[in-house]
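Position 76 of the sequence shown, counting from 1, maps to 104 under my numbering, and the rest follow consecutively. Quick reminder that beta carbons are idealized off the backbone N, C-alpha and C, glycines included. All values derive from a computational prediction rather than experimental measurement.
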Amino acid sequence: LSGTGKTTTTFTQQNDSKSVQDDFLALMPNGRVYATENGCFAKTYGLNAEFEPAIYKAVNQPEAYLENVSQKEAGGPVDYFDESYTKNGRATFCMDKVEGSADARSIKKADILLILNRNENIIPAVARLNREQAAAYFMLGETQGTSAGGAAEEGKNLRVPGTNPFFPGLHARQGNRLKELLESCNLEVYLLNTGRVGGKDGTEGSKKVKIPHSSAIVKGIAEGTIEFTKDEDFGYEVAAKVPGIGAEDTDLLQPKKLYEATGRSEEYQKIVDRLKGERREYFQRWPGLDPAIVAAAE
């Protein structure tokens, strides 16, 4: 599913991390991972050299292919912020053009799985999930549509099982299989919101989860330096503190506090109740899904 921040998160370096794959890979029993591609397909709208240096440099290599991007004149620089025709610009480039990349064949076993969604309400910037919760939020695939899905999807709240619109089989099999795989290994699983907390852009009190926020979270996950506490509404664990995220932005970590601070506690509770009801109804569409997965999203 496009627009959740996968590519940006993958190519944002923490410490001496190296990127080995952008999109399609296989997770096997016991945590073994196989990569399948030697290229990258990246969104270009809003591409910024300061926040996405690895992607920016790769996209501007002569070997890169670009589509739906704007130039003021032939042969001139590309304007990645021009949306007069479309926001759905794309670039393809080889992984060896990415600074800090490594051969995908070098990866053996995964220790951490990140599930990325782009939301704008009460989903925290990061939540730690148990196995059943991981399969549940994987199946919920809750995110906001982008220009990549066309005008019919852009800005709409979506639920796409496994965030994978191309899965050819019964969707319940995706959730059940992920739970089985997680039971075969010790993967830590986290849900990351790469959108906003507190409402749409322009809503008073709404805050954006920016690239540096997500980068600090990924770094904290890798280093084991995040302090977690249980969220009483959804049962997962939310961060109490993340190194690199200042005190002024800690409400991104616990949305309930943001809503309380802006006098919207009643609105928060209504969203909690609505989400739980919608999720119960949604899971009824997938007969055969493990009941433990369904219960985990309550």
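Cα-Cα separation between residue i and residue j, rounded to whole angstroms
i, j, result
"residue 118", "residue 70", "6 Å"
"residue 112", "residue 76", "18 Å"
"residue 207", "residue 311", "16 Å"
"residue 263", "residue 64", "35 Å"
"residue 49", "residue 129", "9 Å"
"residue 59", "residue 212", "7 Å"
"residue 193", "residue 298", "29 Å"
"residue 317", "residue 197", "13 Å"
"residue 175", "residue 108", "A caution first: residue 175 carries a pLDDT of 48, below 50, which makes its placement in the model unreliable, though a value can still be read off. Cα to Cα, the separation comes out at about 15 Å."
"residue 288", "residue 281", "14 Å"
"residue 248", "residue 319", "32 Å"
"residue 185", "residue 205", "26 Å"
"residue 137", "residue 53", "12 Å"
"residue 100", "residue 134", "42 Å"
"residue 305", "residue 106", "46 Å"
Own chain, CB closer than 8 Å to residue i, minus 5 neighbours either side, in chain order
i, result
"residue 250", "42, 43, 45, 140"
"residue 56", "62, 209"
"residue 203", "163, 164, 166, 167, 189, 190, 314, 317, 318, 321"
"residue 235", "224, 225, 226, 277, 279, 280, 286"
"residue 34", "50, 51, 144"
Residue from the options with nearest C-alpha to residue i
i, options, result
"residue 131", "98, 147, 62", "62"
"residue 39", "241, 32, 47", "47"
"residue 303", "86, 261, 278, 123", "261"
"residue 283", "300, 274, 272, 271", "300"
"residue 275", "53, 97, 241, 37", "241"
"residue 225", "147, 314, 253", "147"
"residue 36", "271, 269, 306, 243", "243"
"residue 155", "219, 316, 100", "219"
"residue 273", "153, 54, 67", "153"
"residue 151", "100, 227, 201", "227"
"residue 313", "292, 86, 252, 200", "200"
"residue 87", "101, 67, 223, 291", "67"
"residue 216", "170, 159, 238, 124", "159"
"residue 233", "246, 223, 291, 245", "291"
"residue 307", "170, 253, 248, 239", "170"
"residue 124", "229, 138, 82, 230", "82"
"residue 127", "102, 133, 80", "80"
"residue 295", "239, 231, 96, 248", "231"
"residue 78", "100, 239, 309", "239"
"residue 331", "229, 305, 34", "Nothing about residue 331 can be reported from this structure: the residues present for the chain run from 29 to 326 only."
Cβ-Cβ separation, residue j to residue i (assumed contact under 8 Å), whole Å
i, j, result
"residue 168", "residue 187", "6 Å"
"residue 84", "residue 115", "Rounded, the Cβ-Cβ distance is 17 Å, inconsistent with contact."
"residue 222", "residue 237", "6 Å"
Contact set for residue i: own chain, Cβ-Cβ below 6 Å, skip 5 residues either direction
i, result
"residue 259", "266"
"residue 110", "98"
"residue 142", "218, 220"
"residue 92", "119, 121"
"residue 164", "321, 324, 325"
"residue 95", "118"
Cβ neighbour criterion (16 or more within 10 Å) applied to residue i
i, result
"residue 279", "buried"
"residue 286", "buried"
"residue 255", "exposed"
"residue 268", "exposed"
"residue 32", "buried"
"residue 189", "buried"
"residue 195", "exposed"
"residue 214", "exposed"
"residue 89", "exposed"
"residue 162", "buried"
"residue 277", "buried"
"residue 104", "exposed"
"residue 145", "buried"
"residue 309", "exposed"
Beta-carbon proximity list for residue i, same chain, < 7 Å, skipping 5 on both sides
i, result
"residue 51", "65, 69"
"residue 257", "265, 266, 268"
"residue 271", "244, 248, 253"
"residue 336", "This structure leaves residue 336 out entirely; the chain is present only between 29 and 326."
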